[in-house]
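I have placed the structure first, in the form of structure tokens, so that the comments after it can refer back to it.
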Amino acid sequence: MPEKSVGFAIGNLRARENRLLKKNDLSGFAAANNVTELARMLRDKGIGKTDGADVPVLLHEDAEEMWKYLTDNAPDTTAFAPFLCENDFHNYKAVLKGIIRGREYESLLILPASVELSALEKAVKEKRFDLLPDYMQKPAAEAYDVLVKSGDSQLADCITDAGCMSAQRLLAEKSKNTVIKDLITVSVFYKNIKAALRAAKTGRSAQFIESTLTETGVVSKKAMVTAALGSEEKVLELLSKAVTVGGAEAAEAYKKSPGDFEKYADNRLISTAKRCKYITIGIEPLIGYMLARKAQITDLQIIYSGVKTGQGSEKTLERLRELYG
């Protein structure tokens with residue numbers, strides 16, 4: 244990676260980091276009287292671009308703008324592959340369910356993506372899964388078979404999500420970047436634990452759990468499957484032993500509420516991402532900024548939900564994630 248190109252990208256990035264939302268911005272949004280006022284406030288802050296659009300559309304536009312900035316400015320876009328593939332798997336789920344059930348899906352797609360829409364459509368319509376990247380082919384075919392034969396969209400989604408997590412780990416290893424590998428490890432581990440806890444709580448079958456969980460690099464898939472077949476307590480016991488990723492604190496957070504656990508997991512990822520800010524030459528600051536923007540969008544989704552349901556701003560603010568800045 245040419246040093247000059249990296250230097251330009253990082254210099255350009257620092258100004259953007261300063262425009263990340265602050266606590267007082269979020270407090271102001273949470274105090275909005277209704278979702279129409281919230282949408283106006285977001286547009287005034289440069290979030291989204293379509294006049295008259297509702298909040299979900301504005302946040303969708305904000306995510307697309309973030310990705311466009313990163314792909315336009317990063318000297319080495321291959322470093323984003325472990326994160327960008329989430330868009331590909333998300334888009335596949337939208338296309339699969341849209342085509343099989345005859346529903347509109349183009350508005351659900353997230354760009355940029357490394358897999359063209361035409362390839363996703365052909366994969367579903369003609370069962371040409373060979374048109375997809377190697378790491379997508381097996382889960383895409385399995386999810387298709389499940390949805391067509393049983394109509395179980397939840398299992399189809401879980402199979403696709405598991406495929407995504409496995410792909411993220413594979414692509415992170417290929418990056419040979421320690422920070423990227425650490426970030427993906429934290430992300431994939433907590434996604435698996437969330438899935439294991441849900442499966443344990445709802446009494447899912449061994450086959451369902453096997454299809455849902457993946458290797459994480461922290462605890463084995465076999466151990467997670469065994470725990471999920473037991474009980475939530477067994478999963479939390481396993482989680483508590485994962486000291487390298489803050490498992491004990493995460494287990495305590497879950498005992499308070501699933502919401503507290505979700506918040507802890509997101510904060511753990513942002514805490515790991517903060518290492519990126521102090522690396523002056525390399526792709527890491529751009530990776531950190533990407534995760535900061537994604538966390539910011541999560542906070543805005545929480546605020547939107549709070550305003551929409553009439554939840555008090557104080558309660559809403561308690562649910563917000565740790566800031567990157």
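Using my numbering, the first residue of the sequence shown is number 244, and each one after it goes up by one. Heads up, the beta-carbon is just placed ideally off N, CA and C, and yes, glycines get one too.
Contact with chain C by residue i, beta-carbon distance below 8 Å
i, result
"L374", "You won't find chain C in this structure, because it holds only one protein chain."
Contact set for residue i: own chain, Cβ-Cβ below 8 Å, skip 5 residues either direction
i, result
"G568", "E260, L263, K265 and A535"
"V488", "T428, V429, F432, Y433, V461 and R511"
"Y378", "C328, G406, S409, A410, L413 and L414"
"N277", "V550"
Rounded straight-line distance, which links the Cα of residue j to that of residue i
i, j, result
"V468", "T421", "28 Å"
"V338", "S357", "15 Å"
"T314", "L363", "21 Å"
"G502", "L560", "13 Å"
"N267", "S418", "37 Å"
"L269", "K365", "42 Å"
"E359", "N330", "11 Å"
"G490", "E416", "23 Å"
"V550", "L563", "14 Å"
"G345", "N334", "16 Å"
"A442", "E280", "39 Å"
"M309", "R371", "31 Å"
"L479", "A466", "12 Å"
"S361", "G291", "27 Å"
"Y521", "T515", "12 Å"
"G289", "L482", "40 Å"
"G473", "L440", "10 Å"
"A508", "D425", "14 Å"
"D305", "G295", "15 Å"
"C519", "K336", "31 Å"
"V389", "A471", "22 Å"
"T321", "K517", "21 Å"
"E492", "E307", "34 Å"
"E217", "K506", "For residue 217 there is no data in the structure shown, the boundaries of the chain being 244 and 568."
Collapsed DSSP secondary structure at residue i in the structure displayed
i, result
"I353", "coil"
"D400", "helix"
"E329", "helix"
"G444", "According to the sequence displayed, residue 444 carries Lys and not Gly. Reduced to three states, the DSSP call for K444 is helix."
"N435", "helix"
"L470", "With the sequence shown as reference, residue 470 is identified as Ala, and Leu is not the correct amino acid for it. A470: helix per DSSP, three-state reduction."
"K370", "coil"
"A317", "coil"
"T279", "helix"
"L375", "coil"
"Y348", "coil"
"R262", "coil"
"V338", "helix"
"L563", "coil"
"S463", "coil"
"K247", "Residue placement at K247 is flagged as unreliable, the pLDDT there being 39, under the threshold of 50; the coordinate-derived value follows with that caveat. Correct three-state label for K247: helix."
"V358", "coil"
"T457", "coil"
"K498", "helix"
"A570", "The question about residue 570 has no answer, for the chain in this structure spans 244 to 568."
Near the ligand NAD: residue i beta-carbon under 7 Å from a heavy atom
i, result
"D388", "Only the bare structure without any ligand can be found here, which leaves the ligand NAD out of the picture."
Distance between beta carbons of residue j and residue i, contact taken as under 8 Å
i, j, result
"V462", "A485", "6 Å"
"I342", "V391", "Wrong, their Cβ atoms sit about 10 Å apart, outside the cutoff."
"F272", "L543", "7 Å"
Proximal residues to residue i (C-beta, below 7 Å), its chain only, five neighbours per side dropped
i, result
"K464", "L456, T457 and E458"
"R257", "none"
"L375", "V358, A362, A366 and A383"
"I545", "T559, R562 and L563"
"R286", "L301"
"A275", "L281, M284 and V550"
"N255", "N316"
"F326", "M533"
Chain-order list of residues whose beta-carbon lies under 6 Å from that of residue i (same chain, five-residue window excluded)
i, result
"A324", "L414"
"Y547", "V298"
"K499", "none"
"P355", "W310 and T314"
"I402", "P382, E385, A386 and S454"
"I436", "L482"
Meets three-Cβ-pair contact criterion under 8 Å: the segment 444-455 and the segment 385-401: Because the criterion of three Cβ pairs below 8 Å is met, the segment 444-455 and the segment 385-401 touch.
At least three beta-carbon pairs within less than 8 Å, the segment 373-385 to the segment 404-412: Of all C-beta pairs linking the segment 373-385 to the segment 404-412, three or more are shorter than 8 Å, placing the two stretches in contact.
Cβ contact (3+ pairs, closer than 8 Å) linking the segment 440-447 and the segment 537-545: No, because fewer than three Cβ pairs between the segment 440-447 and the segment 537-545 fall closer than 8 Å, the two stretches do not touch.
Contact between the segment 544-562 and the segment 515-534 (3+ Cβ pairs under 8 Å): No, the segment 544-562 is not in contact with the segment 515-534.
Cβ contact (3+ pairs, closer than 8 Å) linking the segment 345-357 and the segment 294-313: Result yes; three or more Cβ-Cβ pairs closer than 8 Å.
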